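A quick write-up on the structure given underneath.
Residue numbers (UniProt numbering): 1 to 369.
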């Protein structure tokens with residue numbers, strides 16, 4: 001049996017990173033590189049965890065005083081991939097007022113990773129790029145300081161691509177993402193909040209086009225690129241693959257669809273807020289698409305998953321639905337005798353993911369006969 005590919009993951013406790021670990025821990029041997037202050041409760045059972053001290057550029061494990069330089073750590077770890085997902089992402093409701101922290105997180109830390117990857121001769125470095133670097137433009141036009149910092153890192157990465165013959169560098173550009181394990185103040189968290197509280201939410205005119213993908217599909221996109229770069233590294237080298245969604249809608253249309261699926265009218269004051277400076281009204285149309293990649297979760301299905309998760313949480317006092325792995329979601333959905341969104345309502349919300357997996361496995365085995 002072929003051994004698992006070894007992945008060093010930055011941003012492991014973030015939205016996409018957490019979901020990557022929970023969906024892919026059976027396929028990859030994942031090592032999470034985290035800050036000492038990171039909350040690793042959701043991932044610690046499914047990956048190796050190492051703490052990175054950027055001030056000293058060293059790596060160590062919790063309760064272990066022995067530390068290694070980042071490059072020595074990578075050499076000993078013998079990683080096949082670096083998957084770089086980390087970064088500070090300010091939002092309208094949670095801005096980053098610490099410019100130094102943003103630069104250190106989005107540029108300095110990534111550069112340390114690049115330098116260590118060069119020394120350790122890591123075969124593949126996959127970066128998460130941002131559509132915010134292209135504000136209503138095919139060419140570079142940053143919408144935010146965050147987007148500018150992401151492009152600055154990509155410029156630095158290109159230098160390492162030119163000077164690191166043992167490593168293939170490539171990027172996956174992602175758009176708006178929604179789904180489980182999102183602790184931020186993104187759109188759907190706000191909509192969920194006002195749906196429960198009855199509060200009103202001030203929005204812009206809602207005419208801007210948005211591109212939302214379920215985080216399970218985003219995880220699949222990174223997995224797909226990891227497979228692709230192993231098969232054809234020359235094809236992937238120095239490219240930006242855009243994970244463009246298949247259902248681009250105006251923001252107002254998206255919210256109307258969400259209301260329809262949720263069965264509840266939300267109190268939204270359209271036009272009460274002016275558009276932000278450099279607000280993106282049309283997501284980037286550039287980049288190259290992942291060849292033959294298809295999305296598995298439509299907006300309608302994704303919203304139904306949110307609805308069932310909320311209803312299950314209200315019934316059982318928890319949120320176990322969000323821990324169902326993508327593998328089981330697809331397998332159960334494809335069975336004629338059961339639909340996953342009916343199945344998961346019977347799962348107790350306090351069951352851990354490995355127990356949930358075993359339950360789903362046994363049900364799949366019994367129904368597939």
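Note that the Cβ used here is the ideal one computed from N, Cα and C, for glycine as well.
All values reported here derive from a predicted model rather than from experimental measurement.
> What number of angstroms, rounded off, separates the C-alpha of residue 61 from the C-alpha of residue 30?
Replying inline: On the chain shown, position 61 is the one that residue 61 refers to. On the chain shown, position 30 is the one that residue 30 refers to. Cα to Cα, the separation comes out at about 15 Å.
>> Please state the DSSP three-state secondary structure of residue 290.
In response: Indexing the chain shown from 1 puts residue 290 at position 290. DSSP places residue 290 in coil when its eight states are reduced to three.
> Which full runs of the beta strand (DSSP E) of 3+ residues lie inside the stretch 22-60, going along the chain?
Replying inline: 28-34, 48-53, 58-60
> On the premise that residue 59 lies in contact with residue 79, defined as a C-beta separation below 8 Å, what is that separation, rounded to the nearest angstrom?
Replying inline: As a first step, residue 79 must be located in the chain shown, where it is residue number 79. As a first step, residue 59 must be located in the chain shown, where it is residue number 59. That belief does not hold up - the Cβ atoms of residue 79 and residue 59 are roughly 12 Å apart, past 8 Å.
> Cβ of residue 264 within 8 Å of Cβ of residue 161?
Replying inline: In the chain shown, counting from the first residue as 1, residue 264 sits at position 264. In the chain shown, counting from the first residue as 1, residue 161 sits at position 161. Contact flag unset, no.
> Is the stretch 36-48 touching the stretch 238-248, taking contact as three or more C-beta pairs under 8 Å?
Replying inline: Using a Cβ-Cβ distance cut-off of 8 Å, the stretch 36-48 and the stretch 238-248 are not in contact, since fewer than three pairs of beta carbons, one from each stretch, lie closer than that value.
> According to DSSP, which residues form a beta bridge with residue 168?
Replying inline: Indexing the chain shown from 1 puts residue 168 at position 168. Beta-bridge pairing links residue 168 to 124.
> Ordered along the chain, which non-local residues of its own chain (more than five positions away) have a Cβ less than 6 Å from that of residue 83?
Replying inline: Here residue 83 refers to the residue found at position 83 of the chain shown. Around residue 83: 7, 9, 126.
>> Assuming residue 163 is part of the beta strand (DSSP E), what are its boundary residues?
In response: Indexing the chain shown from 1 puts residue 163 at position 163. Run containing residue 163: none in the beta strand (DSSP E); it sits in the alpha helix (DSSP H), 145-163.
> Does the beta-carbon of residue 118 have 16 or more other beta-carbons within 10 angstroms, so that it is buried, or is it exposed?
Replying inline: Position 118 of the chain shown, counted from the first residue, corresponds to residue 118. Flag for residue 118 reads buried.
>> So that I know if they touch, is there some Cβ in chain C lying closer than 8 Å to that of residue 247?
In response: Included in the structure is just one protein chain, with no chain C present.
> Taking the runs of the beta strand (DSSP E) that are 3 residues or longer, which of them lie wholly in the stretch 188-259?
Replying inline: 200-202, 212-214, 240-242
>> Please return the same chain residues whose Cβ sits closer than 6 Å to the Cβ of residue 139, not counting the five positions on each side in sequence.
In response: What you label residue 139 is simply residue 139 of the chain shown in a count that begins at 1. Nothing listed; no residue qualifies.
>> Can you tell me where the beta strand (DSSP E) holding residue 73 begins and where it ends?
In response: As a working mapping, residue 73 is identified with position 73 in the chain shown. Residue 73 -> not in any beta strand (DSSP E); alpha helix (DSSP H) instead, spanning 70-77.
> What do you get for residue 64, buried or exposed, if any count of 16 or more other CB atoms within 10 angstroms of its CB means buried?
Replying inline: Taking the chain shown and counting its residues from 1, the one referred to as residue 64 is at position 64. The residue is exposed, with fewer than 16 neighbouring Cβ atoms inside 10 Å.
>> Taking the beta carbon of residue 100 as the centre, do at least 16 other beta carbons fall within 10 Å, making it buried, or is it exposed?
In response: Counting from 1 along the chain shown, the entry for residue 100 is found at position 100. Its Cβ having fewer than 16 others within 10 Å, residue 100 is exposed.
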